[in-house]
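A.B. asks: Under numbering that gives the first Met the number 0, think of the first position of the sequence shown as 0, with each following residue one higher.
For each residue, glycine too, the CB sits at the ideal point set by N, CA and C.
The following block contains the structure, expressed as structure tokens.
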Amino acid sequence: MSHANAALTSKARLKIARLIVDERWPIARVAERCDVSWPTAKQRAGRYRIAGETGMSDRSSRPHHQPNRTPRRLVRCKLNRLSHID
């Protein structure tokens, strides 16, 4: 869910996407009018083309995976060692 001071609410994202996709406005003009970067406007239009209005909702910024995560067996080993120190 967007916070009150978010640069783009889902309603604003939808407006940008509709102007580009449905109204066929140039991306640069929409970006300037809505005070967003050209790549942001293009991204919103792309998501709208693929997913429609549902694509305009907030998305998590959490990584899908963590390639450098410490293996669990090493974490268990370290915790085991620390638990024996008194």
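Do you know how far the Cα of T8 is from the Cα of L61?
C.D. replies: Walking along the sequence shown from the start, residue 61 turns up at place 62. Walking along the sequence shown from the start, residue 8 turns up at place 9. The sequence given here places Arg at residue 61; Leu does not occur at that position. Looking at the two C-alpha atoms, the distance is approximately 19 Å.
A.B. asks: Put L7 into one of helix, strand or coil per three-state DSSP.
C.D. replies: As a working note, residue 7 is residue 8 in the sequence shown. Three-state result, L7: coil.
A.B. asks: How is the alpha helix (DSSP H) around Q42 delimited, first residue to last?
C.D. replies: As a first step, residue 42 must be located in the sequence shown, where it is residue number 43. Segment W37 to A50, the alpha helix (DSSP H) holding Q42.
A.B. asks: In chain order, what residues of the same chain lie with their CB nearer than 6 Å to the CB of R46, ignoring the 5 residues before and after it?
C.D. replies: For the purposes of this step, residue 46 is taken as the residue at position 47 of the sequence shown. Excluding residues within five positions, the ones whose Cβ falls inside 6 Å are G54.
A.B. asks: Return the CA-CA distance between D21 and Q65, expressed in angstroms with no decimal places.
C.D. replies: Residue numbering aside, residue 21 sits at position 22 when the sequence shown is read from its first letter. Residue numbering aside, residue 65 sits at position 66 when the sequence shown is read from its first letter. Approximately 38 Å between the Cα atoms of the pair.
A.B. asks: Roughly how many angstroms separate the alpha carbons of K10 and R17, rounded to a whole number?
C.D. replies: Residue numbering aside, residue 10 sits at position 11 when the sequence shown is read from its first letter. Residue numbering aside, residue 17 sits at position 18 when the sequence shown is read from its first letter. Going from the Cα of K10 to the Cα of R17 covers about 11 Å.
A.B. asks: Rounded to a whole number of angstroms, what is the C-alpha to C-alpha distance between R28 and L78?
C.D. replies: Counting from 1 along the sequence shown, the entry for residue 28 is found at position 29. Counting from 1 along the sequence shown, the entry for residue 78 is found at position 79. If I take the Cα positions, the gap works out to 57 Å.
A.B. asks: In this structure, does DSSP put E22 in helix, strand or coil?
C.D. replies: If you number the sequence shown from 1, residue 22 lands on position 23. Of the three classes helix, strand and coil, the one that applies to E22 here is coil, per DSSP.
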